[in-house]
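*Asks:* Residue numbers (the numbering used here), protein chains in the order written: chain H, 8 to 111; chain Y, 8 to 111.
Number of protein chains: 2
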Amino acid sequence: MRDRADYMLKGLSEEELLELADLFKMFSDSTRIKILYDLFDGEKNVTEICEDIDMNQSAVSHQLKVLKTAKLVRSRREGKSIVYALDDDHVKTIIAMGKEHIEE
Amino acid sequence: MRDRADYMLKGLSEEELLELADLFKMFSDSTRIKILYDLFDGEKNVTEICEDIDMNQSAVSHQLKVLKTAKLVRSRREGKSIVYALDDDHVKTIIAMGKEHIEE
DNA sequence: TTTTCATATGAATATATTATCATATGTTCA
DNA sequence: TGAACATATGATAATATATTCATATGAAAA
Chain H
8 MRDRADYMLK GLSEEELLEL ADLFKMFSDS TRIKILYDLF DGEKNVTEIC EDIDMNQSAV
68 SHQLKVLKTA KLVRSRREGK SIVYALDDDH VKTIIAMGKE HIEE
Chain Y
8 MRDRADYMLK GLSEEELLEL ADLFKMFSDS TRIKILYDLF DGEKNVTEIC EDIDMNQSAV
68 SHQLKVLKTA KLVRSRREGK SIVYALDDDH VKTIIAMGKE HIEE
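1) Tell me which residues of the stretch 33-54 of chain H have at least one Cβ-Cβ distance to chain Y shorter than 7 Å, keeping chain order.
2) Please list, in chain order, the chain Y residues whose beta carbon lies closer than 7 Å to that of residue 100 of chain H.
3) Ignore the nearest five residues each way along the sequence and tell me which others in residue 45 of chain Y's own chain have a CB closer than 7 Å to its CB.
4) Flag residue 93 of chain Y as yes if its beta-carbon sits less than 9 Å from any beta-carbon of chain H, otherwise no.
5) So which of H:90, H:48 and H:49 has the shortest CA-CA distance to residue 68 of chain H?
6) For residue 111 of chain H, report the span of its alpha helix (DSSP H) as first-last.
7) Quick one: which unbroken alpha helix (DSSP H) runs of 4-plus residues sit fully inside the stretch 9-97 of chain H? Chain order, please.
8) Whose C-alpha, out of H:103, H:23, H:28 and H:34, is nearest the C-alpha of residue 28 of chain Y?
9) If you draw a straight line from the alpha carbon of residue 41 of chain Y to that of residue 108 of chain Y, how long is it in whole angstroms?
10) For chain H, is any of its Cβ atoms less than 9 Å away from the one on residue 18 of chain Y?
11) Please identify the residue among Y:54, Y:64 and Y:97 whose C-alpha is closest to the C-alpha of residue 77 of chain Y.
12) When we look at the beta-carbon of residue 64 of chain H and count the other beta-carbons within 10 Å, is it buried (16 or more) or exposed?
13) For residue 84 of chain H and residue 92 of chain H, what's the separation of their Cα atoms in angstroms?
14) Give the residues of chain H in contact with residue 27 of chain Y, contact being defined as C-beta atoms less than 8 Å apart.
15) Can you find the residues in the same chain that come closer than 8 Å, C-beta to C-beta, to residue 38 of chain Y, ignoring five residues on each side of it along the sequence?
16) Listed from N- to C-terminal order along the chain, which residues in the stretch 63-76 of chain H have their beta-carbon within a distance smaller than 7 Å of any beta-carbon of chain Y?
17) In terms of alpha-carbon separation, which member of Y:21, Y:24, Y:26 and Y:43 lies closest to residue 21 of chain H?
18) Taking its Cβ as the centre, do 16 or more other Cβ atoms sit within 10 Å of residue 105 of chain Y, making it buried, or is it exposed?
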C-alpha cells in the first residue's frame, strides 16, 4: 500500500475523492437527476416537480431533502407552497458534461 | 403527469436522463473513482491498482469489470498481467468538473 | 378557529450494491 | 508438465438506498 501522498501528487487527496464520489452520487439516481433537470427551467414548487417527473410527493420530498443537504438546491416558502431552485452553478455544467458524453 | 416531450424541450429525453444517471453512478463509488483517478497516470495492471488504492484484488477486479462494462476503461493482457487504462476522454473532464465544484 | 392545502418526516419494506471468501482460469517459467 | 503468479468470477453476507404508507406540521382561507 502507498500512502495518502499518492493522491496529492495529482492534486486530489483521498478525502477529496470521497467528496467527489458523494457529489456524483447526487446525480446517479434517476429521481434526483430528473428533479435537477426539471429545475433547469427555474424555480418550481413540490407539486409541480411531482407532476413533471411523475413521482409521488413523498418520494420527491425525500430526495429534495437529500439534494438540499448536498447544497445542490435551495428552497423558500411562498404562501402555501415551497419553491425549490438549483443552488449551484455547477449542476448544469456537470450534467452538460455527462450529456456530451452520452451523445457520442 | 406530463409526457416524455417535456424532457425533450430541454434537449434530453427521459431515457437519456436514465443513461446519465447510470454514467454518474460510475463515479459515485469511492473504489471506482479511486481506480479511475489512479489511471490518470496511464496504464496500470491490477496489482498496481490494488496497491495504489489499498483495496483487495477481488474487490478491484469486480469494480474494473463494472467500469469496463460502462466502457470507461479498457484492458489488454501483457504477459502474466492485465493492464487497464482509461477508455474515455470524458472521464478526466467529468472528474475535473466535480473537482472545481468541491474546491469552492 | 376549523378546514383545507402543501410539504415534510418517520418507520417499514423492498431493492441494489459492495466487499469478502473460496476457487476457477489462464499465463509463464522451471 | 507442473508449480507459481495474476486476474476473474460466483456465492454469500453486509450495508446502503429508495419508495411507500401513514401521519405530522405549518400556512391560508372560509
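Glycine included, each C-beta is placed from N, C-alpha and C at the ideal position. Computed from a predicted model, the values in this text were never measured in an experiment.
*Replies:* Answer, in terms of the structure:
1) 34, 35, 36, 37, 40, 41, 44 and 47
2) As a working mapping, residue 100 of chain H is identified with position 93 in the first sequence. In chain order: 104.
3) Locating residue 45 of chain Y in the second sequence gives position 38, where the first residue counts as 1. For residue 45 of chain Y, where only same-chain residues beyond five positions count, the Cβ hits under 7 Å are 51, 56, 59 and 60.
4) Counting from one through the second sequence, the residue named residue 93 of chain Y turns up at place 86. No, residue 93 of chain Y lies away from the interface with chain H (no Cβ there is under 9 Å from its Cβ).
5) Working through the first sequence from its first residue, we reach residue 68 of chain H at position 61. The shortest C-alpha separation from residue 68 of chain H is found at H:90.
6) Here the question's residue 111 of chain H lines up with position 104 in the first sequence. Per DSSP, residue 111 of chain H belongs to no alpha helix (DSSP H) and is neither H nor E.
7) 12-16, 21-33, 37-45, 53-60 and 64-76
8) As a working mapping, residue 28 of chain Y is identified with position 21 in the second sequence. Residue 28 of chain Y has its Cα closest to that of H:34, out of H:103, H:23, H:28 and H:34.
9) To locate residue 41 of chain Y, count along the second sequence from 1; it is residue 34. To locate residue 108 of chain Y, count along the second sequence from 1; it is residue 101. Rounded to whole angstroms, residue 41 of chain Y to residue 108 of chain Y spans 18 Å at the Cα level.
10) Locating residue 18 of chain Y in the second sequence gives position 11, counting from the first residue. At least one chain H Cβ lies under 9 Å of residue 18 of chain Y.
11) Here the question's residue 77 of chain Y lines up with position 70 in the second sequence. When each option's Cα is compared against that of residue 77 of chain Y, the closest is Y:97.
12) Taking the first residue of the first sequence as 1, we reach residue 64 of chain H at position 57. With fewer than 16 Cβ atoms within 10 Å of its Cβ, residue 64 of chain H is classed as exposed.
13) Within the first sequence, the letter at position 77 stands for residue 84 of chain H. Within the first sequence, the letter at position 85 stands for residue 92 of chain H. So the two alpha carbons sit approximately 12 Å from each other.
14) Locating residue 27 of chain Y in the second sequence gives position 20, where the first residue counts as 1. Going along chain H in sequence order, the residues near residue 27 of chain Y (Cβ under 8 Å) are 34, 40, 102, 105, 106 and 109.
15) Counting from one through the second sequence, the residue named residue 38 of chain Y turns up at place 31. Only 60, 62, 66, 67 and 70 meet the Cβ criterion.
16) none
17) Counting from 1 along the first sequence, the entry for residue 21 of chain H is found at position 14. Among Y:21, Y:24, Y:26 and Y:43, the Cα nearest to that of residue 21 of chain H belongs to Y:43.
18) Numbered from 1 along the second sequence, position 98 holds the residue referred to as residue 105 of chain Y. Result: buried.
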